[in-house]
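J.:
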Amino acid sequence: MTGHLGRRAWLASLGTMLAASGAKGRSEPQAPVVAAQPAAGTLTLADFQPRSMLVVSETRVERARFPVVDVHTHPTFRVRSVGGIPHGEAVRVNTTPPELLPLMDRRNLRTLVSLTGGVGTGLAESVRTFQQPHPDRFVVFTEPSYDRIADKGYAAWQADELARARQAGAKGVKVLKVLGLFLREQVTTGPLVKIDDPRFDPMWEACGALGLPVAIHISDPTAFFLPVDAHNERYEELNEHPDWSFHGKDYPSDADLLAARDRVLARHPKTTFIGLHVGHSSENLAGAASALDRFPNLHVEIAARIGELGRQPRASQRFFDKYQDRILFGTDGPQDDLYPIYFRFLETEDEYFDYGGGKVPDQGRWRIYGLGLSDTILKKVYSQNAERILSLAPIRA
Ligand SMILES: [Zn+2]
3 MTGHLGRRAW LASLGTMLAA SGAKGRSEPQ APVVAAQPAA GTLTLADFQP
53 RSMLVVSETR VERARFPVVD VHTHPTFRVR SVGGIPHGEA VRVNTTPPEL
103 LPLMDRRNLR TLVSLTGGVG TGLAESVRTF QQPHPDRFVV FTEPSYDRIA
153 DKGYAAWQAD ELARARQAGA KGVKVLKVLG LFLREQVTTG PLVKIDDPRF
203 DPMWEACGAL GLPVAIHISD PTAFFLPVDA HNERYEELNE HPDWSFHGKD
253 YPSDADLLAA RDRVLARHPK TTFIGLHVGH SSENLAGAAS ALDRFPNLHV
303 EIAARIGELG RQPRASQRFF DKYQDRILFG TDGPQDDLYP IYFRFLETED
353 EYFDYGGGKV PDQGRWRIYG LGLSDTILKK VYSQNAERIL SLAPIRA
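Under the numbering used here, the first residue of the sequence shown is numbered 3, with each subsequent residue one higher.
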């Protein structure tokens, strides 16, 4: 039998037979279902699901110790995109204040910042839905209109458009990784447009003059720029999402993208930038520190990077200590079940725990360690830094 079916198939059919016999309602106790022991050398990476035998403390942190501003959420998105580039003004509202407010109250989220608030009529809808009825609980950002980049006079128009967006209620500007990785001279065709292209200079300057901070996503995880092979630490993730790889073709390197960003930061010192995802240097905190040292107008936020920060807890603790006034809290949500993991990471000294909810960790097969931040630093990271940068309305009693 085993020779015919192979050992795995045989064990699977045995499992089916055991399950079928258990369904007959017999009263004698059932033998516990034991996971099949694969033949030596046949276990696949996907099937390897080790359970940690460490006996260490596990803290559930359902509610943040202090009020939180999540500066990185997406309750709305532009409806249309072509080649990854948002087109037109229409936005899709994914969730609404009546759905979000109970979650926010339960988790102790003071305010959510909706980064992809859209442009034009879409922005107006975002503001009307979230920020206008609840100015202390929701903040809406606008976005550049890259679909117009090939238009004559784009540079000046974009700067003026940001002034109109501010008038319509926008509190900041979100720059997607589209810039540097997708946007091309004729929007979806032609050479890639550089991050430090002078056509954007009036836009960056307008952000500074209008007091609109720029939440900027430049580049992506370092491993996304490397061959998707046996040495790539995010192999499973890239295998699952092949379009997330920026290796080859005409893509610039990770280092080139960050260098272009740095030239923008240097050229526009009066504009405040929030480097999303730890400024895309979470694998290299010395690099993030160097950027923060060189550019006083740069801040960073931590969304989707606790997997990186938490696997180097000592370096991260030093980083939070030194840059405690320039780190903001974000999640790339809002996703209810993720908040306790973020809170646990920042508030506790728990060891070796999952940073995501999946069967296999999303970003790689490792676990993380809590930072146990002091109350002073927690308050800054959770809300005070964001309140200062975004000039947030005081919370209503
Ligand atoms: Zn995001």
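Beta carbons: idealized from backbone N, C-alpha and C, even for Gly. Predicted model, so just to flag it, every value in this text is computed and none were measured.
#1: Does the beta-carbon of D364, which I'm using as the reference point, lie nearer than 7 Å to any heavy atom of ligand 1?
#2: Taking contact to mean 3 or more Cβ pairs, one atom from each stretch, closer than 8 Å, check whether the segment 382-394 and the segment 324-332 are in contact.
#3: Can you give me the C-alpha to C-alpha distance between V266 and D198, rounded to a whole angstrom?
#4: Three Cβ pairs or more, each shorter than 8 Å: is that satisfied between the segment 157-170 and the segment 206-214?
#5: Taking P193 as part of the beta strand (DSSP E), name the residues at either end of that continuous run.
#6: Return the first residue and the last residue of the alpha helix (DSSP H) that L114 is part of.
#7: Comparing C-alpha positions only, which one of G312, T131, T144 sits nearest to F345?
#8: Any contact of the segment 94-104 with the segment 117-136, i.e. 3+ C-beta pairs under 8 Å?
#9: Roughly how many angstroms separate the alpha carbons of G250 and N286, rounded to a whole number?
#10: Taking I151 as the reference, give the member of V180, T44, T123 with the closest Cα.
#11: Three Cβ pairs or more, each shorter than 8 Å: is that satisfied between the segment 222-242 and the segment 187-195?
#12: Roughly how many angstroms separate the alpha carbons of R53 and Y354, rounded to a whole number?
#13: Within its chain, find whatever has a CB closer than 7 Å to the CB of D339; leave out the 5 residues flanking it on each side and keep chain order.
#14: Using 8 Å as the threshold, is the C-beta distance between L300 and F322 below it?
#15: Please list, in chain order, all residues with a C-beta atom less than 7 Å from at least one heavy atom of ligand 1.
#16: Looking at the unbroken alpha helix (DSSP H) that takes in L164, where does it start and where does it end?
#17: Are the beta-carbon atoms of G366 and E351 separated by less than 8 Å?
#18: If I measure Cβ to Cβ from V71 and keep anything under 6 Å in the same chain, skipping five residues before and after, which residues do I get?
#19: Short check: CB of I379 to CB of F347, under 8 Å?
#20: Under three-state DSSP, which class holds I197?
#21: With a floor of 3 residues, list each beta strand (DSSP E) that falls wholly inside the segment 200-237, ordered by position along the chain.
#22: Is DSSP giving F140 helix, strand or coil here?
T.: By the coordinates alone:
#1: As a first step, residue 364 must be located in the sequence shown, where it is residue number 362. Incorrect: D364 has no Cβ contact closer than 7 Å to ligand 1.
#2: yes
#3: Translated into the one-based positions of the sequence shown, residue 266 becomes position 264. Translated into the one-based positions of the sequence shown, residue 198 becomes position 196. When rounded, the distance between both Cα atoms is 6 Å.
#4: yes
#5: Taking the sequence shown and counting its residues from 1, one reaches residue 193 at position 191. Counting along the chain, the beta strand (DSSP E) containing P193 begins and ends at 191-194.
#6: Position 112 of the sequence shown holds residue 114. Element bounds for L114: not the alpha helix (DSSP H) but the beta strand (DSSP E), 111-116.
#7: Within the sequence shown, the letter at position 343 stands for residue 345. When only C-alpha atoms are compared, the closest one is G312.
#8: yes
#9: In the sequence shown, residue 250 corresponds to position 248, counting from 1. In the sequence shown, residue 286 corresponds to position 284, counting from 1. Their backbone Cα atoms lie some 22 Å apart in a straight line.
#10: On the sequence shown, position 149 is the one that residue 151 refers to. Comparing Cα-Cα distances from I151 to each of V180, T44, T123, the minimum goes to V180.
#11: no
#12: Taking the sequence shown and counting its residues from 1, the one referred to as residue 53 is at position 51. Taking the sequence shown and counting its residues from 1, the one referred to as residue 354 is at position 352. Answer to the nearest angstrom: the Cα atoms are 11 Å apart.
#13: What you label residue 339 is simply residue 337 of the sequence shown in a count that begins at 1. These residues qualify, in order along the chain: G359.
#14: If you number the sequence shown from 1, residue 300 lands on position 298. If you number the sequence shown from 1, residue 322 lands on position 320. Contact: no.
#15: H74, H76, L117, H219, L278, A305, D334
#16: Counting from one through the sequence shown, the residue named residue 164 turns up at place 162. Counting along the chain, the alpha helix (DSSP H) containing L164 begins and ends at 156-169.
#17: Counting from one through the sequence shown, the residue named residue 366 turns up at place 364. Counting from one through the sequence shown, the residue named residue 351 turns up at place 349. Their beta carbons are not under 8 Å apart, which means G366 does not touch E351 by this criterion.
#18: Along the sequence shown, read from residue 1 onward, the residue named residue 71 stands at position 69. Only R112, T113, S385, A388 meet the Cβ criterion.
#19: Residue mapping note: residue 379 aligns to position 377 of the sequence shown, counting from 1. Residue mapping note: residue 347 aligns to position 345 of the sequence shown, counting from 1. Not in contact: I379 and F347 (Cβ atoms no closer than 8 Å).
#20: One-based indexing of the sequence shown puts residue 197 at position 195. Looking at I197 - three-state DSSP - the assignment turns out to be coil, as it is neither helix nor strand.
#21: 216-218
#22: Counting from 1 along the sequence shown, the entry for residue 140 is found at position 138. Residue state, collapsed to three classes: strand.
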